[in-house]
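Written below as structure tokens is the structure these notes are about.
2 protein chains.
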Amino acid sequence: MGRGVVNRLMALAAALAVAALPLTARAEDGYRLWLRYAPLEGKELARLESFNPRLASVVRDGMEPSQRVAAGELQVGLNSLLGVTSRKVGQNPGDVVLACDQPRLGDGSFTIKAEHHAIRIAGPGQLSCLYGVFALLRELSLGADPNTIDLAEHPAMPLRMLDHWDDPNGYVLRGYSGRSIFDWWKLPEHLDQRLIDYARADASIGINGAVVNSVNASPLFLTDRYIPKLKRVADAWRPYGIRLYISVRFSAPKEIGGLPTADPLDPAVQAWWKARADALYAAIPDFGGFLVKANSEGEPGPQDYHRSHAEGANALARAVGDRGVVIWRAFVYSAEDKTDRAMQAYNEFVPLDGKFDRNVILQVKNGPIDFQPREPFHPLFGAMPHTRLMFEGQITKEYLGQATHLVYLAPLWKEALDWRTGPDGTVAQVIAPAGMAGVANTGSDRDWSGSHFNQANWYTFGRLAWDPSLSSERIAREWAAQTFSRDPAFLAKVVPMMIASRQAVVDYMTPLGLAHQMATGHHYGPGPWVCDLQRPEWNPCYYARADKDGIGFDRTAKGSNALSQYAPSVAARWSDPRATDPDYLLWFHHVPWDFPMPSGKPLWNELIARYDRGVATVDAMAQTWASLQAYVDPERFQDTADYLRIQGQEARWWRDASIAYWQSVNHLPLPAGVRPPEHTLPYYKSLSFPEAPGQ
Amino acid sequence: MGRGVVNRLMALAAALAVAALPLTARAEDGYRLWLRYAPLEGKELARLESFNPRLASVVRDGMEPSQRVAAGELQVGLNSLLGVTSRKVGQNPGDVVLACDQPRLGDGSFTIKAEHHAIRIAGPGQLSCLYGVFALLRELSLGADPNTIDLAEHPAMPLRMLDHWDDPNGYVLRGYSGRSIFDWWKLPEHLDQRLIDYARADASIGINGAVVNSVNASPLFLTDRYIPKLKRVADAWRPYGIRLYISVRFSAPKEIGGLPTADPLDPAVQAWWKARADALYAAIPDFGGFLVKANSEGEPGPQDYHRSHAEGANALARAVGDRGVVIWRAFVYSAEDKTDRAMQAYNEFVPLDGKFDRNVILQVKNGPIDFQPREPFHPLFGAMPHTRLMFEGQITKEYLGQATHLVYLAPLWKEALDWRTGPDGTVAQVIAPAGMAGVANTGSDRDWSGSHFNQANWYTFGRLAWDPSLSSERIAREWAAQTFSRDPAFLAKVVPMMIASRQAVVDYMTPLGLAHQMATGHHYGPGPWVCDLQRPEWNPCYYARADKDGIGFDRTAKGSNALSQYAPSVAARWSDPRATDPDYLLWFHHVPWDFPMPSGKPLWNELIARYDRGVATVDAMAQTWASLQAYVDPERFQDTADYLRIQGQEARWWRDASIAYWQSVNHLPLPAGVRPPEHTLPYYKSLSFPEAPGQ
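As given, the protein sequences belong to chains D and Z, one line each in that order.
Under our numbering, the final residue of the first sequence carries the number 695; numbering is consecutive throughout.
Under our numbering, the final residue of the second sequence carries the number 1390; numbering is consecutive throughout.
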């Protein structure tokens, strides 16, 4: 090696090192997510070096944009996995062929096949190569042999979306990771690089759509002033296969259209929506469509004009036409309806089955209440065979410890996704055939998601929407290996820790089928004593129904009979309290404090044991993490250790405050050996957090 | 060079290169501010290589923390300037001696002296070496010869502070750069690295204090729950010489103290403040003190109990004692006071001169209204010889184009700082002897300040507080050379562009002494027609007083006589409209539309010419910037170009809307050759920005 080369290397090292000074990005600040492509080592490195991959397709100016993105990603990823910054491929290269020259994007189905010392990525459109490249790099990152790789994948559902609950001023509803990633104020003149990086991350996990504003929608997004802003974002996202959608406010024809009504059957209203849709499609030919939260929590809707949800949705759907879709949320519960809140969406929407236009999709939360640590699956799934249903999950952890608690959500979503049942007990409708939407946890924080482990939930949501049959363990392993370390000793500990984390949060917050015990408004911390809010179903006491004799919500035929909304075969599993899985017991049954549990303990003892188990699991997670220091960079190690410390403190707070409150209701002594709450109930009630996110 | 070294170099280059992949920090995203220490080249590099600097002081564990920080900064900075990542210093090194082994911090005065091929940094305390190291690295960055360096500096004033108008929930009042840098929610368990980087940046420009919360103060900061949070921040900042202050709410004794009153003469109230101060000092021995906005814009204060500002301030000052200070803001104007708003602070505070305790400092804005593009200096300066006064400037550009407009503020501040006058016309009191406070423009945005050029105002504020005699040109040159490029061809164009930018914003927003013509609430864009707000002095029409006969606010003896608050020698310069500098004309005088201006034009023509000049200057700035592409990295070049485009559009908007409005008042035709406004006045009035920052 000549002196000149050495000098150039030294200069390169020096130039790059400038970027590692203080006041720069710390080496690992989480910004790179799961796309770090950390250099391979040992056998895997030798195998890839020997394969000597080169991009066989020429990157041309005329190439379709997604193909260019795919080619660039492949080069960057391969170089990084090989531990080099640039390469001159030598003899006997392994050609990687991107065989996606079609002009259309396609659905992203792809095949990756190694043959004769070459890898060919193909499929029905450009997106096939983009998704194929990400899949190839993921497999290589996980240690796959390039000589034998053989994959054929297709998306399980057409819509794989993120819903951003972001306001035009940058506020993110239920956001725990800074401000909105969308800076509408500076658009369209200035597009932040982060929006490109966001699209790339989405594409890497198969997400193909994003609703850019909150379901509590500002009408601004329908104004002429916003169309160039939306267009700039849509143009930037197009090569990554991300279609742009907006949430719309049902009363916008009045607020910005100057009309006296927003009645969906009024021809002027219909013409106004048509004109707005036309303006959007003129600027954004692949505009996705509208998301609507109507007649829900104070938002306007068709019922303001005595029209049904179907009439409202169809009016908008006809404005959009076959150019896109209208996604209508089923998250409704009414101040007038005095029945069980868990039953209201079913009661309201099932009679409308078959009445929605073809391009309307009904978006249904995973459970019948609201993104709790555990809920049974939503009874609408399987109950509307003539309507396209879509699954809504919450990636941002509104009710699950928000930014700081480590809770891996794959097990939660899979509990709903794994049900396969219609109202007659047969497989009438697989859950979420039309798509999945996740309420995003992305924000302006450097780590995108408020914590490094929260990134796992973004990753998981995309992967599950692509393939809901993937196991929680598989996804955790993929994510942790790409994000932190592919060392088997690391994965052997971190994957079980992630899997255990979801039951932990259930245990320390809402064990045994309890729900909605969070403090008012911000949903941070415990508030089981809250019982004085205006609407009954806003109160934690509404859900727990605890008194001196017992606890739980009777949803059997003797109670609200919400069980009747499920198929008989399903309802049968939850109708007898003695046969009900304890995880769902208090959701469906009101039982005495001495109710005998499968463990042999009375309910009161079991309840306390569950809180203790939750706390113990968090302590174990902290110990596990401490044992993994050698595998993780110091920055992300410390961040996570700090948050686990917060989680440990708050798990104890949840346990102690909850037990103190239940004791004030049941007047029972603590079982022998149980640690009493650290403070008195009045202390826990006195805590207030006026600055909590979400206030 | 052996093969092993080469391999290690290659591995280093590869490892570092991973950080340069997409989804990482872009090479230049602005995070490093002016502390980039870009490698020297040519003669300067050869000279520093030949000097061969090495840190002669040993970094020991027992070393005082600031000394350790200084030593680390020196190593990082020298290596970076030399373009290497680490060095083994060879023969004939130039020893850099940090001769600050004292335990105390000191005031930061320092000497840097090169003698016998060595550089010695010394001074009365540890801070001398920290400031000295930053000064040495700055000088070397600017091309100074290490063999002849010889500096002796001391701070012009003891308090050099940033005031953060940040709420506990992360909202930043008048913030245009994201959310607060303080994440109180995760403190004390988790301290973000950004708070360290912030302290380092502050220390590099001599800032030695920060008020961490908004003057519209939440009482939370006085609660027990917040003390550990504040302590964690103060501990992290201590090695950088940054003392922590908080804003306090005057009514806190009622709100969180459980007392029935906040009367400052009530012994229980005094005892409560004493106990709070004691608790803070127990946790933070060098706690700086309290900042108070009282009886101003709805905030509580001593007048609620018929006590004077002095009685209120002294009550808090006695709680703090000689451990710190109470900074009391003079920014008051009353709904009851019907006199000229510009006169009210003077009228209220001058009678209190001499009545404040020794550890009270009165904080006075640069001008008598509110951070306008141009105001005459505040008449309180020079009028309270027996009171310690402090200067308050606004670094965040609330009224000057906010995030996107390029406006360099040194000329604005220096207009106030350069006055040297007492009420009798002599040099009774130099402005701002006690200190300077700047309303910070720092936020969670990657570039810290909302734009790259906004960083210059943070830099400038610190430099001016250290030495107000520095010229605007000198500071611009320092900043631009360290931030972008030290190429003389670059500096020769960018420095004049920065200098011109301030007069440009005056010209296109509020020429000829106009003020406060911004739209209501958010202060974004023009609103000269606004005249219906509840309080007269909230209306732009209050300031311009335009009618068919003329325009301007008569502050002579025939009008409000605000001029009488200035020393006769000063007032004389502004009392005759024909002799008044046109930049102050309409601030002090109401004159007819055909008033003859020094240019020879009638006022109406001159006014339009000023708007046009402002627009033309922005266009010229954009052209200048476009010509500098070769000197700037692509990322920061494009960001700035985007913002200049916004500024150009908005300068036209300001011009056109203003002219359209003045025409509706004076019914005068446009002078020949003048471009008419693009839209009608009703159009400009119809614009609304409900999502503007600051709403």
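Beta carbons: idealized from backbone N, C-alpha and C, even for Gly.
Roughly how many angstroms separate the alpha carbons of residue i and residue j, rounded to a whole number?
| i | j | result |
| --- | --- | --- |
| Gly-789/Z | Leu-400/D | 58 Å |
| Ser-823/Z | Gly-901/Z | 10 Å |
| Leu-1281/Z | Tyr-871/Z | 30 Å |
| Gly-1368/Z | His-1147/Z | 37 Å |
| Leu-1186/Z | Arg-1172/Z | 6 Å |
| Phe-637/D | Arg-645/D | 12 Å |
| Arg-742/Z | Leu-750/Z | 17 Å |
| Gly-382/D | Arg-895/Z | 59 Å |
| Val-615/D | Pro-526/D | 14 Å |
| Arg-276/D | Val-233/D | 18 Å |
| Ser-942/Z | Asn-908/Z | 6 Å |
| Asp-1202/Z | Thr-1155/Z | 22 Å |
| Asn-147/D | Phe-51/D | 7 Å |
| Arg-675/D | Leu-687/D | 21 Å |
| Lys-949/Z | Pro-914/Z | 10 Å |
| Ala-660/D | His-667/D | 10 Å |
With DSSP as the reference, label residue i as helix, strand or coil.
| i | result |
| --- | --- |
| Glu-1070/Z | coil |
| Lys-1109/Z | helix |
| Pro-671/D | coil |
| Ala-114/D | strand |
| Gly-1349/Z | Looking at the sequence provided, one finds Trp at residue 1349/Z rather than Gly. If DSSP states are grouped into helix, strand and coil, Trp-1349/Z belongs with the helices. |
| Ala-17/D | Residue confidence is low: Ala-17/D scores 35 on pLDDT, short of 50, so the model does not pin down where it sits. No coordinate-derived value is stated. |
| Met-185/D | In the sequence as displayed, the identity of residue 185/D is Trp instead of Met. The answer is coil: DSSP assigns Trp-185/D none of H, G, I, E or B. |
| Leu-98/D | strand |
| Arg-874/Z | coil |
| Glu-848/Z | strand |
| Lys-1092/Z | coil |
| Ser-449/D | coil |
Leaving out the 5 sequence neighbours to the left and right, which residues in its chain are closer than 6 Å to residue i when beta-carbon positions are compared?
| i | result |
| --- | --- |
| Gly-125/D | Gln-102, Arg-104, Leu-105, Gly-106 |
| Pro-959/Z | Pro-997, Arg-1002, Glu-1006, Gly-1007, Ala-1010 |
| Phe-1290/Z | Leu-1298 |
| Ser-485/D | Tyr-631 |
Cα-Cα, which of the options is closest to residue i?
| i | options | result |
| --- | --- | --- |
| Leu-136/D | Val-76/D, Gln-91/D, Asp-167/D, Tyr-176/D | Val-76/D |
| Pro-1191/Z | Ala-766/Z, Leu-1159/Z, Gln-1318/Z, Glu-1093/Z | Gln-1318/Z |
| Val-792/Z | Ile-807/Z, Thr-780/Z, Val-784/Z, Gly-785/Z | Ile-807/Z |
| Pro-677/D | Lys-231/D, Asp-656/D, Gln-394/D | Asp-656/D |
| Ser-109/D | Ser-564/D, Val-133/D, Arg-87/D, Glu-115/D | Val-133/D |
| Leu-514/D | Gly-521/D, His-522/D, Leu-187/D, Cys-541/D | Cys-541/D |
| Pro-1068/Z | Tyr-976/Z, Met-1213/Z, Asp-840/Z | Met-1213/Z |
| Lys-274/D | Gly-321/D, Pro-536/D, Ala-70/D, Ala-345/D | Gly-321/D |
| Asp-1278/Z | Pro-955/Z, Arg-1305/Z, Ile-844/Z, Trp-1233/Z | Arg-1305/Z |
Please list, in chain order, all residues of the same chain as residue i whose beta carbon is under 7 Å from its beta carbon, the five residues on each side excluded.
| i | result |
| --- | --- |
| Asn-911/Z | Leu-868, Lys-988, Glu-994 |
| Gln-1058/Z | Ile-1022, Trp-1023, Arg-1024, Ala-1025, Met-1085, Glu-1087, Ala-1132 |
| Val-1102/Z | Lys-1092, Leu-1095, Gly-1096, Ser-1196, Arg-1197, Val-1200 |
| Arg-194/D | Ile-181 |
| Ile-499/D | Tyr-408, Pro-411, Ser-472, Glu-473, Ala-476 |
| Ala-700/D | Residue 700/D is absent from the model: chain D starts at 1 and stops at 695. |
| Ser-204/D | Leu-35, Phe-134 |
Consider the Cβ of residue i: report whether some Cβ of chain A lies at a distance smaller than 7 Å.
| i | result |
| --- | --- |
| Glu-1087/Z | In summary, chain A is missing from the structure at hand, where the protein chains are D and Z. |
Ordered along the chain, which non-local residues of its own chain (more than five positions away) have a Cβ less than 8 Å from that of residue i?
| i | result |
| --- | --- |
| Glu-691/D | none |
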